[in-house]
């Protein structure tokens with residue numbers, strides 16, 4: 033068992049132990065390494081100024097993805113290659129950096145290193161061939177510019193055709209060998225534990241019932257930075273085999289407990305395009321490369337973007353603890369606000385998601401103040417089966433309208449067997465209003481959410497009827 037974190041920074045082997053393992057990656061870079069190109073601005077993962085590339089071993093090679101270093105911690109960097117903006121400039125400006133200069137892509141320059149790193153991620157591997165303006169806009173969703181304006185930044189990204197790959201800057205053979213040797217080691221540093229098997233993870237959680245499982249840290253990092261949160265113990269599942277399982281078969285998706293949202297989005301693009309569309313708006317590439325579906329479920333927020341879809345699809349969770357495995361329907365998992373049917377020793381190991389049957393109609397909705405990268409004010413999911421011109425059955429779930437995501441059984445019962453028409457959906461609106469208990473907060477008033485509960489049914493009709501016509 034190791035008592036330190038092993039990783040590489042810009043091609044150079046590093047070792048971090050003790051308290052150093054509990055600081056954010058951005059602070060390690062700026063204060064320990066004096067690599068001040070990485071900026072700290074929001075410390076919430078919202079602006080992208082702290083973006084770095086993280087390379088991990090996948091299929092015998094290092095695959096690099098952008099992350100927000102302000103809400104990632106050094107204990108998460110075990111067996112990773114961290115590339116900061118300084119690491120791109122080994123022999124002067126790269127083509128990306130030169131294009132930003134020529135296209136006047138910076139004024140104050142504070143956000144520029146984050147943009148450069150997000151662009152470098154776009155140009156890694158196959159993603160770098162034939163990039164269009166929409167690809168660049170999507171890749172830069174998590175990067176905020178406060179003064180320059182995005183047009184010259186996007187122009188700079190599109191002008192580049194010969195950006196060197198990270199592998200060409202840092203030949204990976206030494207790192208791959210080091211990581212392959214070290215990945216079999218459990219890591220224990222103070223209150224942090226990274227086991228290499230599920231049994232070890234379960235035992236640690238049983239011994240530390242208040243431990244926090246940190247996989248993506250997209251919420252945990254904000255708690256620490258903004259609320260001064262200190263976990264009694266921290267458990268990482270990144271070394272546990274099998275939890276990265278992601279497959280489709282027998283009419284359902286199987287999603288492992290540490291599958292990232294980015295990987296899930298790519299996987300379901302052709303299987304559940306509606307789900308992929310919501311995932312596109314879920315967060316930035318930096319957030320989705322870190323966050324997991326299991327983490328979104330365990331966070332138990334009534335405005336979690338994933339939950340309405342999981343409710344109407346009839347998803348279930350595999351929970352594994354000292355007594356073995358059990359399967360729990362997603363709706364039974366939530367017993368109250370932030371209260372879960374999860375024993376102290378149990379871990380969410382897999383999520384089972386039934387796929388819509390042929391002929392079923394699925395629609396997902398998210399209302400937020402910003403289109404992308406924003407917390408929802410209201411969410412909804414509807415899964416309908418029709419028989420001719422009548423609604424055979426429909427499942428409806430709303431989020432942001434109570435302490436839990438809610439199924440609407442009375443509305444569902446009212447709609448079953450009725451004609452699929454605008455008047456039917458309009459008549460269902462008042463019933464939906466009566467089934468929810470929204471409150472007013474900074475994201476929207478109670479009356480606003482009540483109106484959305486009505487309006488979304490009308491929108492569902494227009495979308496489905498329009499598509500059929």
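In this note's numbering, the protein residues as written are 33 to 501. Where a beta carbon is used, it is the ideal one built from N, C-alpha and C, also for glycine. These numbers come from a predicted model, not from an experiment.
Counting other Cβ atoms within 10 Å of its Cβ, residue 194 stays below 16 and is therefore classed as exposed. The alpha-carbon separation between residue 459 and residue 499 amounts to approximately 22 Å.
Assignment of beta-bridge partners to residue 196 by DSSP yields no partner.
Boundaries around residue 368 are those of the beta strand (DSSP E), 366-368, since no alpha helix (DSSP H) includes it.
Residue 385 and residue 300 have their C-alpha atoms roughly 11 Å apart. In the three-state DSSP reduction, residue 178 falls in the coil class, being neither helix nor strand.
Counting C-beta atoms within 10 angstroms of its own C-beta, residue 421 has fewer than 16 neighbours from the protein chains shown and is therefore classed as exposed. Distance from the CA of residue 365 to the CA of residue 286, rounded to the nearest whole angstrom, comes to 18 Å.
Secondary structure of residue 272 (DSSP, three-state): coil. By the Cβ rule, the stretch 272-283 counts as touching the stretch 375-389, because three or more pairs are nearer than 8 Å. If one requires a minimum length of 3 residues, the beta strand (DSSP E) runs lying completely within the stretch 280-367 are 284-288, 348-353, 356-361, in chain order. The C-beta distance from residue 120 to residue 86 rounds to 14 Å, too long to fall under 8 Å, and the pair is not in contact. Here residue 471 is exposed: its Cβ has fewer than 16 other Cβ atoms, across all protein chains shown, within 10 Å. Judged by DSSP in its simplified three-state form, residue 261 adopts coil rather than helix or strand. Here residue 291 really is in contact with residue 325; their C-beta atoms are around 6 Å apart, less than 8 Å.
Residues 111 of the same chain have their beta carbon placed closer than 6 Å to that of residue 215, with the five preceding and five following residues left out of the count.
Taking the Cα of residue 371 as reference, the smallest distance to any Cα among 276, 332, 275, 272 is reached at 332. Straight through space, the alpha carbons of residue 327 and residue 474 are spaced by roughly 24 Å. Spatial neighbours of residue 308 in its own chain (CB-CB distance under 6 Å, excluding positions within 5 residues in sequence) are listed in chain order as 297, 300, 301. The closest CA to that of residue 368, considering only 434, 59, 71, 345, is found on 434. Under the three-state reduction of DSSP, residue 278 is assigned to strand.
Judged by beta-carbon spacing, residue 412 lies within the 9 Å limit of residue 431, meaning their Cβ atoms are closer than that value. According to the DSSP assignment, residue 444 belongs to no beta strand (DSSP E) but to the alpha helix (DSSP H) extending over 441-447. By the neighbour-count criterion, in which a residue is buried when 16 or more other Cβ atoms sit within 10 angstroms of its Cβ, residue 246 is buried. Comparing C-alpha distances from residue 225 to each of 33, 74, 42 shows the shortest one belongs to 33.
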